[in-house]
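Protein chains: 2
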Amino acid sequence: MTNNTITAPKGFLAAGLPCGIKQSGKHDLGMIVCPGGANAAAVFTTNKIQSAAVQVSKQHVNNRRIFAVVVNSGNANACTGSLGIKNALKMCEKTASLIEENLQNVLVASTGIIGEQLPMQKVDDGIAKTAAKLSASPNSGMDFTKAIMTTDTKPKMSVRQVDISGAKVTIAGTVKGAGMIAPNMATTLCFITTDISITKTLLNKALKNAIGNSLNKLTVDGHQSTNDTAIILASGSSGNKPVTNQSAQYKKFSHALTDLCDDLARQMAHDAEGATRIFKVIVNGAASQNDAAKACRAIADYPLIKCAVHGGDPNWGRIICAVGSSGVKLNVNKLSCKIGHVTVFHNGKPRKFDPKQVSKIVSQSEHTISVDLGAGKKNDFCYGCDLSAEYVSINADYHT
Amino acid sequence: MTNNTITAPKGFLAAGLPCGIKQSGKHDLGMIVCPGGANAAAVFTTNKIQSAAVQVSKQHVNNRRIFAVVVNSGNANACTGSLGIKNALKMCEKTASLIEENLQNVLVASTGIIGEQLPMQKVDDGIAKTAAKLSASPNSGMDFTKAIMTTDTKPKMSVRQVDISGAKVTIAGTVKGAGMIAPNMATTLCFITTDISITKTLLNKALKNAIGNSLNKLTVDGHQSTNDTAIILASGSSGNKPVTNQSAQYKKFSHALTDLCDDLARQMAHDAEGATRIFKVIVNGAASQNDAAKACRAIADYPLIKCAVHGGDPNWGRIICAVGSSGVKLNVNKLSCKIGHVTVFHNGKPRKFDPKQVSKIVSQSEHTISVDLGAGKKNDFCYGCDLSAEYVSINADYHT
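These protein sequence lines are chains U and C, in that order.
The first sequence begins at 1 in the numbering used here and counts up by one.
The second sequence begins at 401 in the numbering used here and counts up by one.
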């Protein structure tokens with residue numbers, strides 16, 4: 001059996017199980033352990049309200065070696081004050097004690113309802129039981145993935161292998177939820193394991209680059225949650241010659257990591273609440289990098305465009321309106337737009353096209369909207385998804 | 401019969417009828433005429449893509465006296481190039497010829513589908529027929545209001561009367577559509593008539609202030625259309641002593657005008673596509689005016705909050721998340737939130753409340769969300785509406 005879970009890279013154990021945080025009885029506690037210790041890097045939400053787990057992990061990730069990550073779903077441990085921080089630290093402490101390490105070398109993440117304290121007895125017992133189940137099997141990797149899911153309809157995982165100076169290096173990742181996640185918050189958690197030997201500095205650089213070009217390019221509602229966290233652990237067990245500078249080997253690894261994160265981002269978009277299809281927005285000809293990103297987001301977040309995509313409608317008017325309203329610099333007489341490969345608007349004027357053909361493009365599970373602002377040479381992209389009636393019912397029918 | 405239409409103030413005639421632009425056969429051409437000439441002021445969309453009518457009216461409104469406004473619905477005359485401009489000018493010219501004035505003294509507005517040229521034969525005939533029907537009756541005023549409607553489910557009008565230095569001054573207004581307007585664009589058109597005698601400069605000042613505190617505080621999708629236009633005409637027929645400086649009389653008029661526009665904005669929010677209820681967002685304690693406005697919009701535009709309001713769910717977590725994610729300066733330990741009069745979050749911590757009671761508040765046709773950022777002394781407000789499955793179907797099922 002091929003292992004495509006986060007236990008695929010050498011040097012990692014994992015486990016996950018239900019400890020009773022979720023009323024549904026589904027998995028809600030997960031653990032990744034790297035017995036030999038791992039170099040770690042992480043990126044966190046930029047929301048000014050940050051969960052207790054984010055505050056704790058932000059500190060711990062600076063330590064030289066990380067030996068474990070403990071995660072719960074069903075409760076975000078956000079807006080929970082000093083008791084929340086204490087509880088996040090307790091999760092680290094309990095995990096550390098079971099693997100005989102220091103609590104500072106354990107990372108923690110949470111997702112779920114906000115404003116409620118964690119049921120610490122359940123969590124404490126759950127951590128002990130999870131630690132007892134740790135293994136490198138695909139089933140254990142899958143149990144971890146199940147433990148981070150909330151309203152996700154399917155587990156999201158991806159694996160890449162790449163040859164680094166003669167050694168086979170494996171990278172594996174798993175994510176939960178693409179925004180719009182009930183019960184209370186939009187939350188994204190991402191965990192990546194790899195057996196490459198690489199410096200902490202370069203690992204950090206590669207992660208920032210990969211997330212910047214994947215998960216951070218995904219917009220479902222334009223908001224970052226209080227809990228968003230992406231963590232990468234590198235065990236160094238592959239036997240590759242350590243990567244210590246921005247060599248060709250580094251670039252190979254960085255490229256594979258970005259590719260893996262892109263795959264995870266697309267899986268998230270497809271599984272966003274109520275989403276039936278996704279689209280990629282490419283903006284060219286921007287006067288600045290900031291303008292390029294802003295125009296991408298303006299298109300991908302615009303409800304009227306999300307609805308048009310849902311209806312398979314090649315509605316270029318809404319795209320042009322979103323761009324014009326976004327505040328970015330544009331040359332009205334050079335503004336152009338393509339849906340898929342079909343030019344629908346060129347140099348400021350609509351162009352005749354076959355609506356049936358373009359409707360077919362928009363109705364695909366994924367299509368591309370390209371806009372040229374005609375104002376410069378910068379470009380950017382992002383992923384968005386459609387807006388369905390199901391999305392409204394998922395998020396309106398739930399009660400806090 | 402009380403006249404609560406735009407023919408209520410002295411000195412105005414109006415008319416409206418179907419001329420065949422809309423396939424439905426509904427009213428699509430309207431006209432307001434001020435035979436004695438009016439001082440005029442207007443505000444226009446800040447979208448960088450602007451309809452032909454907006455481009456033409458922006459020039460014409462600078463002229464000393466305006467004698468007529470001609471409006472069509474069903475076609476936005478946007479993204480239509482130089483032929484579009486010619487056609488907008490032709491609409492002014494035809495109207496001007498029928499009332500024996502210059503085309504420069506006529507304003508024009510359009511709303512509807514973008515990227516298509518106006519059917520000028522129909523428009524030309526329609527203008528002639530409309531001019532022949534001009535009258536000061538309430539029915540004629542209502543015909544004008546009907547002629548600017550697109551997916552609006554009801555006509556939106558408001559009237560105020562105010563005593564200005566002994567004379568009874570009347571102000572009447574009508575608006576169409578609160579964003580999210582099919583077929584192609586979100587468009588807002590607003591026409592206000594008044595018989596006050598006031599300088600053009602002060603009229604402009606009063607309009608800017610009124611729109612800034614009403615229509616510009618309304619967000620349905622966060623986007624301005626290519627066609628947004630608000631026009632006020634002052635006939636000077638009330639017999640009041642001309643208002644020539646920022647006197648108490650000016651303030652009285654300005655206050656009544658703002659009140660009228662606030663009423664129109666609420667009517668628009670209630671009639672937004674698929675909206676079943678509206679809410680007012682008040683942000684206090686902001687470090688800057690810009691932050692206050694930004695936080696208001698972040699809350700009112702956040703799909704998860706719009707869904708929660710639709711479901712009658714007192715979901716403070718989504719409100720706190722929206723504020724934290726908006727990028728505004730905030731003091732996490734002083735951040736507070738009220739739903740209606742009930743404090744649900746105080747000084748950075750959730751506060752126990754009766755969910756049934758607060759759910760009742762959220763389920764009202766209008767309620768208030770108040771947030772204190774704890775970061776300064778600036779404040780702002782805005783109106784938003786809920787997001788329903790019907791909204792999605794209106795905007796997804798339509799095909800260009």
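Heads up, the beta-carbon is just placed ideally off N, CA and C, and yes, glycines get one too.
Remember, predicted model here, so these are calculated numbers, not experimental data.
For residue 320 of chain U, the closest C-alpha among the options U:49, U:57, U:52, U:372 is that of U:372. According to the DSSP secondary-structure assignment, residue 168 of chain U is paired through a beta bridge with U:163. If you look at residue 74 of chain U, you'll find it in the beta strand (DSSP E) that goes 66 to 75. For the options U:135, U:114, U:91, the alpha carbon positioned closest to that of residue 121 of chain U is the one of U:91. Taking 3 residues as the shortest admissible run, the segment 757 to 796 of chain C contains the following complete beta strand (DSSP E) segments, listed from N- to C-terminal end: 766 to 772, 778 to 785. From the listed residues U:299, U:73, U:214, the smallest Cα separation to residue 328 of chain U is found for U:299. By the neighbour-count criterion, in which 16 or more other beta carbons inside 10 Å mark a residue as buried, residue 409 of chain C falls on the buried side. In this chain, residue 618 of chain C is not harboured by any beta strand (DSSP E), its DSSP state being neither H nor E. Restricting attention to C:709, C:450, C:433, C:645, the CA atom closest to the CA of residue 601 of chain C is found in C:645. Closest in C-alpha terms to residue 277 of chain U, from the list U:284, U:297, U:266, comes U:266. Residue state for residue 85 of chain U is assigned as helix, using DSSP reduced to three classes.
Taking 8 Å as the CB threshold, residue 47 of chain U lines the interface with chain C. Interface annotation, residue 350 of chain U: in contact with chain C, CB-CB separation under 8 Å.
Residue 508 of chain C and residue 488 of chain C do touch by the CB rule: their CB atoms are close to 5 Å apart, below 8 Å. Counted as a single uninterrupted DSSP element, the alpha helix (DSSP H) harbouring residue 696 of chain C occupies residues 689 to 701. Residues of chain U with a Cβ closer than 7 Å to the Cβ of residue 626 of chain C are, in chain order, 321, 324.
Judged by DSSP in its simplified three-state form, residue 44 of chain U adopts strand.
The Cβ of residue 307 of chain U sits closer than 8 Å to at least one Cβ of chain C. Comparing alpha-carbon positions, the option among C:747, C:754, C:690, C:693 lying closest to residue 715 of chain C turns out to be C:754. Ranked by how close their Cα comes to the Cα of residue 16 of chain U, the residues U:47, U:4, U:139, U:43 have U:139 in first place. One finds 317, 320, 345, 348, 349, 350 in chain U with Cβ atoms closer than 8 Å to the Cβ of residue 479 of chain C, taken in chain order. Around residue 730 of chain C, the beta-carbon contacts reaching into chain U at under 9 Å are 48, 49. Interface annotation, residue 796 of chain C: in contact with chain U, CB-CB separation under 8 Å. Close partners of residue 392 of chain U in chain C (Cβ separation under 8 Å): 707, 710, 787, 788, 789, 791, 792. With respect to the 8 Å criterion, residue 557 of chain C and residue 576 of chain C are not classified as neighbours on the basis of their beta carbons. By alpha-carbon distance to residue 37 of chain U, the top candidate from U:77, U:254, U:196 is U:196.
Where residue 631 of chain C is concerned, there is no enclosing alpha helix (DSSP H), although the beta strand (DSSP E) around it starts and stops at 629 to 634.
Among the CB atoms of chain C, one or more fall inside 8 Å of the CB of residue 304 of chain U.
Assignment of residue 717 of chain C by DSSP, reduced to helix, strand and coil, places it in the helix class.
By DSSP's assignment, residue 29 of chain U forms a beta bridge with U:17, U:72. Cβ-Cβ separation between residue 495 of chain C and residue 470 of chain C: approximately 4 Å, consistent with a contact (criterion under 8 Å). A straight line joining the alpha-carbon of residue 55 of chain U with that of residue 688 of chain C spans about 27 Å.
With respect to the C-alpha of residue 154 of chain U, the residue from U:272, U:81, U:238 having the closest C-alpha is U:272. The C-beta separation of residue 402 of chain C from residue 541 of chain C comes to about 11 Å, leaving the pair out of contact by the 8 Å criterion.
Taking a beta-carbon distance threshold of 8 Å, residue 114 of chain U counts as an interface residue toward chain C. Distances from the alpha-carbon of residue 766 of chain C to those of C:610, C:502, C:668, C:458 put C:668 closest.
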